[in-house]
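In terms of numbering that gives the first Met the number 0, the sequence shown is residues 0 to 45.
The block underneath contains the structure these notes are about, expressed in structure tokens.
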Amino acid sequence: MSGDRQIDPTVVHPSIALLQERFRQLERAKEMRQEKELLRMLLESR
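This is the structure in structure tokens:
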């Protein structure tokens, strides 16, 4: 009966953790990019 067990928790869990970590990295990169853009706009407006 091992053939029909498609979802193996030991496989699924690490991949979810990896996706969450990747997502956090992307969020951080986006925030940093927005901050740089904001700073640039502030500097140009002076």
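Don't be surprised by glycine CBs; every beta carbon is placed ideally from N, CA and C.
Predicted, not measured: the structure shown is a model, and the values here were computed from it.
Residue i to residue j span [Cα, whole Å]
i	j	result
ARG23	LEU41	27 Å
ARG27	GLU36	14 Å
ARG32	GLU43	16 Å
ILE15	LYS29	21 Å
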